[in-house]
Every structure is written in structure tokens, then in C-alpha cells.
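S.K.: Everything in the sequence shown is counted per the working numbering, starting at 1054 for the first residue and increasing by one.
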Amino acid sequence: MVDAPGGSPIHNRIGAVFVHVTDMQRAIDWYGDLLGVPRQQASHEGLIYDVPMDGPTGLTLDGHAHARGTFRPGEPLLMLHADDIQAAHSFAVEHATEVGAVEDIGSVSVFHLADPDGNKLIVYAEN
């Protein structure tokens, strides 16, 4: 395990910003127009769309909350990168009051946590 500077296994680098949407195609078209990027197909049964971006930080349109009927402000808006998801999770358990379980969702493993104000974050590591 290699720690990031400062001794934390969670890097101080944003992996992606999530925007929760109620109409995926409308959102794909709007962000495509706004950013002048080509459109591609949504993934994960049409519920996830990674907007083509320059640079390392991703912009992900996420329709899961709407599909579940739970769409509301306050869903996670950013995802932080870790090399070792288990080390990051253990570290988070010591430093946050709300930490979810690690989930393997295919290409990445993730867990959710909340900051002191209740803002939700995601930490991920590539599988």
C-alpha cells in the first residue's frame, strides 16, 4: 500500500463529479451542447453517462436516483480516488461518522461517506 502525501490512503484528487438527472437523454444533449462534446451511449442500462472531458476529472450524469424514485438534492456530487479501497475504507471509518460498506460494482469498488455537514461523497478504486 502506498499512501498519498500526508499519510492518507485517499488521494487529494477528484475522480469524477456526479450530476443527478431525471431525463438522461435530455441531460446528454444539454451537456453535449454546453461543452461542445460528441454524444455517446449511456451505460449501466442507460443510467450512467460519462461526459467526454478534457483532463483527469470526470463528469458523470447519473439517473439511478430518478429510476428508483428517490431523486432529490443531496446525492453524492463527487468521487475521490484511492489505490487501495480497503485501506481507504478503514481510514474513513476512523474519520467519518457515516461510512457505507465497500461495494464491487464491476470496473471499480466504491463506498459512500458523509462529511460533518452531511454532504455525501464517494471513494473509489479501480478493480
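We put the beta carbon where it would ideally sit given N, CA and C, even for glycine.
1. Quick one, are the C-beta atoms of leucine 1166 and alanine 1145 less than 8 Å apart?
2. Return the chain-ordered list of same chain residues with a C-beta closer than 6 Å to the C-beta of histidine 1119, the five sequence neighbours on each side being excluded.
3. Which word fits histidine 1148, buried or exposed, when buried means at least 16 other C-beta atoms lie within 10 angstroms of its C-beta?
4. Can you tell me whether serine 1160 is buried or exposed, with buried defined as 16 or more other CB within 10 angstroms of its CB?
5. So, under 8 Å CB-CB, valine 1152 and leucine 1114 are touching, yes? Tell me the CB distance rounded to an integer number of Å.
6. If glycine 1085 sits next to arginine 1092, beta carbons under 8 Å apart, how far is it from one beta carbon to the other, in whole angstroms?
7. Runs of 4 residues minimum, wholly inside the region 1087 to 1137: which ones carry the alpha helix (DSSP H) assignment?
8. What does the Cβ neighbour count give for alanine 1154, buried or exposed, with the cut at 16 atoms within 10 Å?
M.R.: From the atom records:
1. Here residue 1166 is taken as the residue at index 113 of the sequence shown, counted from 1. Here residue 1145 is taken as the residue at index 92 of the sequence shown, counted from 1. Contact annotation: leucine 1166 and alanine 1145 have beta-carbon atoms nearer than 8 Å.
2. Taking the sequence shown and counting its residues from 1, one reaches residue 1119 at position 66. The residues Thr1075, in chain order, have a CB closer than 6 Å to that of histidine 1119 in the same chain once the five nearest residues on each side in sequence are set aside.
3. Mapped onto the sequence shown, residue 1148 falls at position 95. Flag for histidine 1148 reads exposed.
4. Within the sequence shown, residue 1160 is the residue found at index 107, counting from 1. Within 10 angstroms of the beta-carbon of serine 1160 lie fewer than 16 other beta-carbons, which makes it exposed.
5. The sequence position of residue 1152 within the sequence shown is 99, counting from 1. The sequence position of residue 1114 within the sequence shown is 61, counting from 1. Contact annotation, valine 1152 with leucine 1114: C-beta distance approximately 26 Å; criterion of less than 8 Å not satisfied.
6. Numbered from 1 along the sequence shown, position 32 holds the residue referred to as residue 1085. Numbered from 1 along the sequence shown, position 39 holds the residue referred to as residue 1092. Contact holds; Cβ gap of about 5 Å.
7. If we require 4 residues or more, the alpha helix (DSSP H) runs fully inside the region 1087 to 1137 come out as 1117 to 1121.
8. Position 101 of the sequence shown, counting from 1, holds the residue named residue 1154. Classification for alanine 1154: exposed.
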